[in-house]
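Here is the structure we will look at, set down as structure tokens.
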Amino acid sequence: MKIRKLWGGGLILLLLCGLGGAGAGDLMQVWPLQIEIALLPPEASQAGLTWGTLQSKVNINLDTRLMRGHTWRLWLIPRSRPARLPVQVIRWEGRTPMVNGTASPDQRVLAGQGPIDGRPVSASLVFWAQGDPPSAGTFPVHFDFILETLP
Amino acid sequence: MKFLGGKGFFKAGLLFFSLGILVLVRPSPGFARDVASRTITITVSAPVFLVLTVGSPGAIVDLVTFRVSGIPGSGPVRGESTGAYPVPIQARGLLTSAGTATLTADSSQPLKDGFGHTIPFNQISWQGGGAMPSGRFSGASKQIVWQQSTSTGKFSVQGSMAFFYDHALYVAAGTYQGRVTYTLSVP
Numbered sequence: 000m001k002i003r004k005l006w007g008g009g010l011i012l013l014l015l016c017g018l019g020g021a022g023a024g025d026l027m028q029v030w031p032l033q034i035e036i037a038l039l040p041p042e043a044s045q046a047g048l049t050w051g052t053l054q055s056k057v058n059i060n061l062d063t064r065l066m067r068g069h070t071w072r073l074w075l076i077p078r079s080r081p082a083r084l085p086v087q088v089i090r091w092e093g094r095t096p097m098v099n100g101t102a103s104p105d106q107r108v109l110a111g112q113g114p115i116d117g118r119p120v121s122a123s124l125v126f127w128a129q130g131d132p133p134s135a136g137t138f139p140v141h142f143d144f145i146l147e148t149l150p
Numbered sequence: 000m001k002f003l004g005g006k007g008f009f010k011a012g013l014l015f016f017s018l019g020i021l022v023l024v025r026p027s028p029g030f031a032r033d034v035a036s037r038t039i040t041i042t043v044s045a046p047v048f049l050v051l052t053v054g055s056p057g058a059i060v061d062l063v064t065f066r067v068s069g070i071p072g073s074g075p076v077r078g079e080s081t082g083a084y085p086v087p088i089q090a091r092g093l094l095t096s097a098g099t100a101t102l103t104a105d106s107s108q109p110l111k112d113g114f115g116h117t118i119p120f121n122q123i124s125w126q127g128g129g130a131m132p133s134g135r136f137s138g139a140s141k142q143i144v145w146q147q148s149t150s151t152g153k154f155s156v157q158g159s160m161a162f163f164y165d166h167a168l169y170v171a172a173g174t175y176q177g178r179v180t181y182t183l184s185v186p
């Protein structure tokens with residue numbers, strides 16, 4: 000009898016742990032994890048070049064049912080910086096609840112916020128870059144998407 | 000002053016211990032906390048590019064006008080433009096190989112009045128400013144008007160052109176119009 004109770008308790012504990020793990024994993028989905036954008040020189044817009052082929056979209060799904068608190072916020076911060084490319088050239092645009100922003104080398108920049116009301120959030124950010132190119136080539140930058148909750 | 004001792008000391012210790020547990024366990028209500036994080040890689044590519052601006056930027060085509068008066072031979076006529084004058088010329092780019100940048104002009108089509116009369120472009124010269132040397136249109140389709148050796152990386156040149164009509168030929172009265180197209184090529 001004692002053994003059966005122990006087994007039952009262990010099973011419930013395992014289930015709870017499993018659910019907890021799955022919940023944490025689905026709080027935020029971001030894809031694709033690799034995008035490429037082209038740096039548009041300042042004169043290019045004058046010359047008639049458009050953004051069409053130079054920008055990339057990142058999709059974000061948030062499950063507010065798994066969050067605790069009143070408000071969620073999404074922050075972006077570059078984790079690595081290319082030596083020759085100022086990350087400030089990277090910008091993004093987003094529709095509500097996401098917001099437009101410019102990358103900052105040293106601090107988190109707000110990319111979106113909304114209420115924790117149990118409804119799923121499906122949004123996207125469109126990344127593009129404009130600025131003076133240091134030289135021709137490719138410059139990978141790792142960005143952290145950080146989801147924060149406020150009570 | 001009364002010191003705690005014996006059972007009293009034990010009870011006080013228990014109380015502080017319990018409070019300590021409460022403080023440790025109770026989640027802080029007023030602070031934000033990170034709950035998830037994902038990392039993506041954004042690759043910024045700086046492509047090779049070349050931008051040439053002659054006159055006004057954008058799709059505007061400036062019109063340079065020569066208001067001719069007097070008989071031919073009475074001296075060159077200075078032009079005036081719908082844009083800035085002297086006409087600015089700017090070339091910027093990002094290059095991956097060194098070589099020679101060449102600016103050519105196509106003035107092969109003469110100025111026309113619409114009634115079959117023409118004026119060849121070699122009747123028009125320009126006075127250069129900045130990096131642009133002075134010259135005269137030849138009427139060729141690929142006349143080299145400027146050349147400069149370039150290295151890899153950023154490339155930038157600025158200059159200007161003030162145009163003059165020789166006013167040396169007798170032509171039928173009227174308004175003559177023509178177009179010159181500039182092309183910049185780099186290695």
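Keeping their order, the protein sequence lines are chains A and B. Numbering-wise (numbering that gives the first Met the number 0), the first sequence opens with residue 0 and increments by one. Numbering-wise (numbering that gives the first Met the number 0), the second sequence opens with residue 0 and increments by one. Even glycine gets a Cβ: it sits at the ideal position worked out from N, Cα and C. Model, not experiment: these values are computed from the prediction.
Practice prompt. Return the residue from the list Thr95/B, Val43/B, Leu93/B that minimises the CA-CA distance to Gln129/A.
Written response: Against the first sequence, residue 129/A aligns to sequence position 130. When only C-alpha atoms are compared, the closest one is Val43/B.
With a threshold of 8 Å between beta-carbons, can Ala97/B be considered close to chain A, or not?
One-based indexing of the second sequence puts residue 97/B at position 98. Chain A contact via Cβ: absent.
Can you tell me whether DSSP reads Arg67/A as helix, strand or coil? For the purposes of this step, residue 67/A is taken as residue 68 along the first sequence, with counting starting at 1. Here Arg67/A sits in coil by DSSP.
8 Å Cβ cutoff, Leu93/B in contact with chain A:
Looking up residue 93/B in the second sequence gives position 94. With 8 Å as the cut-off, Leu93/B counts as an interface residue toward chain A.
* Are the C-beta atoms of Thr63/A and some chain B residue less than 8 Å apart? -> Within the first sequence, residue 63/A is the residue found at index 64, counting from 1. Not one chain B Cβ lies under 8 Å of Thr63/A.
- Kindly indicate if chain A contains any beta-carbon less than 8 Å away from that of Gly129/B. As a first step, residue 129/B must be located in the second sequence, where it is residue number 130. For Gly129/B, the answer is no, since every Cβ of chain A falls outside 8 Å of its Cβ.
Starting from the C-beta of Gly92/B, find all residues in its chain whose C-beta is less than 7 Å away, skip the five residues before and the five after it, and write them out in chain order. Reading the second sequence from its first residue, position 93 is the one you call residue 92/B. Phe48, Leu49, Val50, Phe154, Val185, listed in sequence order.
Check: Between Leu62/B and Pro85/B, what straight-line distance do the alpha-carbon atoms span, to the nearest angstrom?
Finding: Working through the second sequence from its first residue, we reach residue 62/B at position 63. Working through the second sequence from its first residue, we reach residue 85/B at position 86. Going by the C-alpha atoms only, they are around 12 Å apart.
Handout entry: At least three beta-carbon pairs within less than 8 Å, the stretch 163-175 of chain B to the stretch 110-122 of chain B
Key = yes
Q. Secondary structure at Pro139/A, three-state DSSP: helix, strand or coil?
A. Counted from its first residue, the first sequence places residue 139/A at position 140. Residue state, collapsed to three classes: strand.
Suppose the cutoff is 7 Å on Cβ atoms and the five residues either side in sequence are ignored; what does the same chain contact list for Leu84/A look like? For the purposes of this step, residue 84/A is identified with residue 85 of the first sequence, where counting begins at 1. For Leu84/A, where only same-chain residues beyond five positions count, the Cβ hits under 7 Å are Pro133, Phe138.
Selection of the stretch 38-55 of chain B by Cβ proximity to chain A, strictly under 9 Å:
Thr38, Ile39, Thr40, Ile41, Thr42, Val43, Ser44, Ala45, Pro46, Val47, Phe48, Val50, Leu51, Thr52
With distances taken between CB atoms, is the gap from Phe142/A to Arg78/A smaller than 8 Å?
Residue numbering aside, residue 142/A sits at position 143 when the first sequence is read from its first letter. Residue numbering aside, residue 78/A sits at position 79 when the first sequence is read from its first letter. Yes. Within cutoff.
Counting Cβ pairs, one atom from each stretch, are 3 or more of them under 8 Å apart for the stretch 52-67 of chain A and the stretch 64-76 of chain B? no
Exercise for review: Report all residues from its chain with a CB closer than 6 Å to the CB of Asp25/A; omit the five preceding and five following residues, and keep chain order.
Suggested key: Translated into the one-based positions of the first sequence, residue 25/A becomes position 26. Here the set comprises Asp62.
C-beta contact flag for Arg80/A and Thr148/A at 8 Å:
By one-based count along the first sequence, residue 80/A stands at place 81. By one-based count along the first sequence, residue 148/A stands at place 149. Not a contact, by the Cβ cut-off of 8 Å.
Quick one: residues in its chain with C-beta nearer than 6 Å to the C-beta of Glu79/B, no 5 flanking neighbours on either side, listed in chain order?
The count along the second sequence starts at 1 and reaches residue 79/B at position 80. Thr64, listed in sequence order.
Pick from Trp74/A, Asn99/A, Ile36/A, Pro41/A: whose alpha carbon is nearest that of Ala35/B?
Sequence index remark: in the second sequence, residue 35/B carries index 36 (1-based). If we check each option's Cα against that of Ala35/B, Trp74/A comes out closest.
Margin query: Check whether chain B comes within 8 Å of Ala122/A, counting only Cβ atoms and requiring the distance to be less than that.
Written below: Start at 1 with the first residue of the first sequence, and residue 122/A comes out as number 123. Chain B contact via Cβ: absent.
* Asked: What residue ranges within the stretch 54-95 of chain B form continuous beta strand (DSSP E) runs of no fewer than 3 residues, ordered along the chain?
  -> 86-94
- Have a look at the DSSP bridge pairing and note the partners of Gly158/B. In the second sequence, residue 158/B corresponds to position 159, counting from 1. Looking at the DSSP assignment, Gly158/B forms a beta bridge with Ile88/B, Gly129/B.
Handout entry: Residue-level contact to chain A via CB, Arg32/B, 8 Å cutoff
Key = Within the second sequence, numbered from 1, the residue matching residue 32/B stands at position 33. Arg32/B counts as touching chain A.
Is there a C-beta anywhere in chain B that falls below 8 Å from the one on Leu32/A?
Your numbering for residue 32/A matches position 33 in the first sequence. Chain B, which has a Cβ nearer than 8 Å to the Cβ of Leu32/A, makes this yes.
If you run the structure through DSSP and keep just helix, strand and coil, what is Pro77/A? Residue 77/A sits at position 78 when you count from the first residue of the first sequence. Residue state, collapsed to three classes: strand.
Check: Which residues, taken in chain order from the stretch 148-163 of chain B, show a beta carbon closer than 9 Å to some beta carbon of chain A?
Finding: Thr151, Gly152, Lys153
How is the beta strand (DSSP E) around Arg90/A delimited, first residue to last? Locating residue 90/A in the first sequence gives position 91, where the first residue counts as 1. Its beta strand (DSSP E) spans residues 89-93.
Next item on the list: Compare the C-beta of Ala104/B with all C-beta atoms of chain C and state if any pair is closer than 8 Å.
Entry: Within the model displayed, chain C is absent; protein chains A and B are what it includes.
*Per-residue burial, Thr95/B [other beta carbons within 10 Å of its own, 16 or more giving buried]*: For this step, residue 95/B is matched to residue 96 along the second sequence. With fewer than 16 Cβ atoms within 10 Å of its Cβ, Thr95/B is classed as exposed.
Integer Cβ distance of Ser121/A from Gly93/A, believed to fall under 8 Å = Within the first sequence, residue 121/A is the residue found at index 122, counting from 1. Within the first sequence, residue 93/A is the residue found at index 94, counting from 1. Between Gly93/A and Ser121/A the Cβ distance is about 12 Å, and since that is not below 8 Å, they are no contact.
Does Asn60/A come out as helix, strand or coil in the three-state DSSP assignment?
On the first sequence, position 61 is the one that residue 60/A refers to. Reduced to three states, the DSSP call for Asn60/A is strand.
Under the assumption that Arg107/A contacts Gly100/A (Cβ atoms under 8 Å), give the Cβ distance between them as a whole number of angstroms.
One-based indexing of the first sequence puts residue 107/A at position 108. One-based indexing of the first sequence puts residue 100/A at position 101. No, Arg107/A and Gly100/A are not in contact; Cβ-Cβ is about 10 Å, not under 8 Å.
Quick check: the Cα distance between Ala135/A and Pro150/A, rounded to an integer number of angstroms? Your numbering for residue 135/A matches position 136 in the first sequence. Your numbering for residue 150/A matches position 151 in the first sequence. C-alpha separation (whole angstroms): 46 Å.
Checklist entry - Between the beta-carbon of Thr70/A and the beta-carbon of Gln112/A, is there less than 8 Å? => result Here residue 70/A refers to the residue found at position 71 of the first sequence. Here residue 112/A refers to the residue found at position 113 of the first sequence. Result yes, Cβ atoms of Thr70/A and Gln112/A sit closer than 8 Å.
Original post:
What is the DSSP secondary structure of Pro109/B, reduced to helix, strand or coil?
Top reply: As a first step, residue 109/B must be located in the second sequence, where it is residue number 110. Coil.
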